[in-house]
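J.: The structure's right below; bear with me while I get my questions together.
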Amino acid sequence: MGEEQFGVRHVIGAPIATTRLSEQAIVCIPPRSAKFTLAEWKLSNDMRSRNTEDQQQLADRVLRESERIREETGERAAIMKATSDRRIEERIGDIEFNKNELQVQRKEICLELESLGVYKTRLQDCLASLQSNALTICRKCLMLRDGRIGIDLVVDEVEHALQQEITTILGGQSLLKRALEQLNEQMRRLRSTRYLLDRDLQYKQAAIDLDKGSLSLKPTDLCLSVYEGYANLDPANISADEYNAYSGKNIQLAAREVTSARPIRVFIDVLLKQVIDDLWGAYNKCNHEFNERIEDTKRAKAKLEDMHRDTTQKIADMTNNILQLQKALSDKEGNTALAHTRLGRRAQRIGAELVRDPPGQSLYYECEMLRHSTEQLQQMLHEANASLRYLLQTQIQLEEDINVKMNTLKIDEVDCMTLRTTMDYHAY
Numbered sequence: 001m002g003e004e005q006f007g008v009r010h011v012i013g014a015p016i017a018t019t020r021l022s023e024q025a026i027v028c029i030p031p032r033s034a035k036f037t038l039a040e041w042k043l044s045n046d047m048r049s050r051n052t053e054d055q056q057q058l059a060d061r062v063l064r065e066s067e068r069i070r071e072e073t074g075e076r077a078a079i080m081k082a083t084s085d086r087r088i089e090e091r092i093g094d095i096e097f098n099k100n101e102l103q104v105q106r107k108e109i110c111l112e113l114e115s116l117g118v119y120k121t122r123l124q125d126c127l128a129s130l131q132s133n134a135l136t137i138c139r140k141c142l143m144l145r146d147g148r149i150g151i152d153l154v155v156d157e158v159e160h161a162l163q164q165e166i167t168t169i170l171g172g173q174s175l176l177k178r179a180l181e182q183l184n185e186q187m188r189r190l191r192s193t194r195y196l197l198d199r200d201l202q203y204k205q206a207a208i209d210l211d212k213g214s215l216s217l218k219p220t221d222l223c224l225s226v227y228e229g230y231a232n233l234d235p236a237n238i239s240a241d242e243y244n245a246y247s248g249k250n251i252q253l254a255a256r257e258v259t260s261a262r263p264i265r266v267f268i269d270v271l272l273k274q275v276i277d278d279l280w281g282a283y284n285k286c287n288h289e290f291n292e293r294i295e296d297t298k299r300a301k302a303k304l305e306d307m308h309r310d311t312t313q314k315i316a317d318m319t320n321n322i323l324q325l326q327k328a329l330s331d332k333e334g335n336t337a338l339a340h341t342r343l344g345r346r347a348q349r350i351g352a353e354l355v356r357d358p359p360g361q362s363l364y365y366e367c368e369m370l371r372h373s374t375e376q377l378q379q380m381l382h383e384a385n386a387s388l389r390y391l392l393q394t395q396i397q398l399e400e401d402i403n404v405k406m407n408t409l410k411i412d413e414v415d416c417m418t419l420r421t422t423m424d425y426h427a428y
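Each residue of the sequence shown is one higher than the last, beginning at 1 in UniProt numbering.
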């Protein structure tokens, strides 16, 4: 009893303590719990039953709420997925609509570029023709007309008309070059707009492909993954209004550029017609002046030929006249020698026979008359020779003038007019 009281028990096989109680360590033993009453026991059982029932009821509510939440979240997820699918489809439809509008504008731009390319070719062909054909021919005509000689090297209406035609050609070239620069600038702007449209179409097609790919995904696909990053999963920073404004701006820009290009084609048509009409006017005026000048030269040449023919006839007549005068002088020499011989013989009379009788007076008068006649014939022969020299000089001058006119006619009628027949102006 004493050993049990002090916590010493004899266990089989354990050594028996031989030390005293004062030498053993103090062992702390917890106090025994207090006993409960029957009312407390019943109360505890009732509370446990009620707690159990409460937990079961709570579990039932949790189960029902979980089922409701599962159904609600499933339905919400299905609704959200359907909503997202519908909005993606609507978005695809909107993008395709904008894409179709951009494609329509791009097609119009391409057609307008083709039309402007044709007009550019027309302008370039017209400029090349004016430079290599019309301007070259006009300048060559001026150079050929510098080959005129003598008095025909004159600044006439033909030269003024050629200078005016060259001025018209240069003015037309200046207008066409300015129109070509405007056309090139418009084509550059159209190409720039087409580049912007192509880039926008590329972006829209990529967005359509991505949205269609997203639309074809299912919750059971194996390629799905959950994003666990920290960055924003939706990096879009452009609002719908800004997007619509951007797309509308591109469409309006394309429409504006196409609208701006059409008046240029009309302007080029009008400009080409005006330039060609002006060139034809200058061409016809120059040809008219050429024809007038050729006719004047032909008339002057015909008149010179008539004068040359008359001068040749006069030369022949004068030559015949000189021969006749020389013959007359020869005849007068015989008569003068006869009269002088008779007077010499009568001067040999002697005595009273050396008298001034009528035969002597007649012979004296005859000698004087023959001397006077000889002087007249010599004077006329001198004048005839001088006139013949002048006629010969005139004939030479006429021949030179005729040659000058022939050279002028060759230059104007043959060389220049033949060259000008190759000139051609059309609207290209």
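Quick reminder that beta carbons are idealized off the backbone N, C-alpha and C, glycines included.
Remember, it's a predicted structure, so these values are computed and weren't measured experimentally.
By Cβ distance, which residues of its chain are closer than 6 Å to ARG189, with the 5 residues on each side in sequence left out?
T.: The beta carbon of ARG189 sits closer than 6 Å to the beta carbons of GLU257 from its chain, once the five residues preceding and following it are set aside; these are given in chain order.
J.: Straight-line CA distance for ARG145 to THR408?
T.: In a straight line, the C-alpha of ARG145 is about 8 Å away from that of THR408.
J.: Is the CB of ASN287 under 7 Å away from at least one CB in chain C?
T.: The structure shown contains no chain C; it holds only a single protein chain.
J.: Tell me whether HIS160 sits in a helix, a strand or coil according to DSSP, three-state version.
T.: helix
J.: Cβ of LEU370 within 7 Å of Cβ of ALA328?
T.: no
J.: DSSP on HIS426, reduced to helix/strand/coil?
T.: coil
J.: Roughly how many angstroms lie between the CA atoms of ALA206 and LYS81, to the nearest whole one?
T.: Computed Cα separation, rounded: 22 Å.
J.: With DSSP collapsed to three states, give me the class of ARG106.
T.: Helix at ARG106.
J.: Ordered along the chain, which non-local residues of its own chain (more than five positions away) have a Cβ less than 8 Å from that of LEU201?
T.: Only LYS99, LEU102, GLN103, ARG106 meet the Cβ criterion.
J.: Does the segment 176 to 194 come close enough to the segment 120 to 139 to have 3 or more Cβ pairs within less than 8 Å?
T.: In short, these stretches touch, since the Cβ pair count reaches three.
J.: For a quick check, are the C-beta atoms of LEU381 and LEU304 less than 7 Å apart?
T.: no
J.: Roughly how many whole angstroms lie between the Cα atoms of PRO219 and VAL226?
T.: So the alpha carbons of these two residues sit roughly 12 Å apart.
J.: Below 8 Å, how does it come out for the segment 130 to 148 and the segment 243 to 252: are there three or more Cβ pairs, yes or no?
T.: no
J.: According to DSSP, simplified to helix, strand and coil, what is PHE290?
T.: helix
J.: In whole angstroms, what separates the C-alpha of ILE238 from that of GLU89?
T.: 20 Å
J.: Rounded to whole angstroms, what is the Cα-Cα separation between ILE264 and ILE251?
T.: 21 Å
J.: Spatial neighbours of PHE36 within its chain, please: CB distance less than 8 Å, with the 5 preceding and 5 following residues excluded, ordered by chain position.
T.: SER44
J.: Expressed to the nearest angstrom, what Euclidean distance is found between the alpha-carbon atoms of ASP198 and GLY248?
T.: 15 Å
J.: Buried or exposed for ARG293, please, with buried defined as at least 16 other CB atoms from any protein chain shown within 10 angstroms of its CB.
T.: buried
J.: In whole angstroms, give me the CA-to-CA distance for residue 477 and ASP401.
T.: For residue 477 there is no data in the structure shown, the boundaries of the chain being 1 and 428.
J.: Comparing C-alpha positions only, which one of ASP85, MET406, GLN131, GLU368 sits nearest to LEU217?
T.: ASP85
J.: Does the segment 413 to 427 come into contact with the segment 273 to 291, if we say contact requires no fewer than three beta-carbon pairs (one atom in each stretch) closer than 8 Å?
T.: yes
J.: Can you have a look at ILE268 and say buried or exposed, based on whether 16 or more other CB atoms are within 10 angstroms of its CB?
T.: buried
J.: CB GLU289 to CB ALA161, shorter than 7 Å?
T.: yes
J.: In angstroms, rounded to a whole number, what distance separates the CA positions of GLU108 and GLU114?
T.: 10 Å
J.: Can you list, in chain order, the residues of its chain whose CB lies under 6 Å from that of ILE322, leaving out five sequence neighbours each side?
T.: Excluding positions up to five away in sequence, the list reads ALA384.
J.: Since LEU409 is in the alpha helix (DSSP H), which residue starts that stretch and which ends it?
T.: 358 to 409
J.: When you compare only the Cα positions, how much space is there between ILE396 and GLY172?
T.: The alpha-carbon of ILE396 is positioned some 48 Å away from that of GLY172.
J.: Assuming LEU398 and LYS332 form a contact by the criterion Cβ under 8 Å, report the distance between their Cβ atoms to the nearest whole angstrom.
T.: So it is not a contact: roughly 36 Å between Cβ atoms.
J.: Report, in whole angstroms, the separation of the C-beta atoms of LEU388 and THR311, which I expect to be a contact under 8 Å.
T.: Not confirmed; about 11 Å, so no contact.
J.: Tell me which same chain residues have a C-beta within less than 6 Å of the C-beta of PHE404, skipping the five on either side of it?
T.: According to the sequence provided, residue 404 is Val. The question's Phe does not apply to it. So the list reads ILE149, GLY150, ASP152, once near-sequence residues are dropped.
J.: Could you tell me which uninterrupted beta strand (DSSP E) segments, each at least 3 residues in length, are contained entirely in the segment 129 to 177, listed from first to last along the chain?
T.: none
J.: Quick one: what does DSSP say GLU238 is sitting in, helix, strand or coil?
T.: Just to set this straight, residue 238 is Ile in the shown sequence, not Glu. Here ILE238 sits in coil by DSSP.
J.: With a 10 Å radius around its C-beta and 16 neighbouring C-beta atoms as the bar for buried, classify CYS286 as buried or exposed.
T.: buried
J.: Quick check on GLN348: does DSSP put it in helix, strand or coil?
T.: coil
J.: Shortest alpha-carbon distance to VAL154 belongs to which of THR297, LEU215, THR421, ASN335?
T.: THR297
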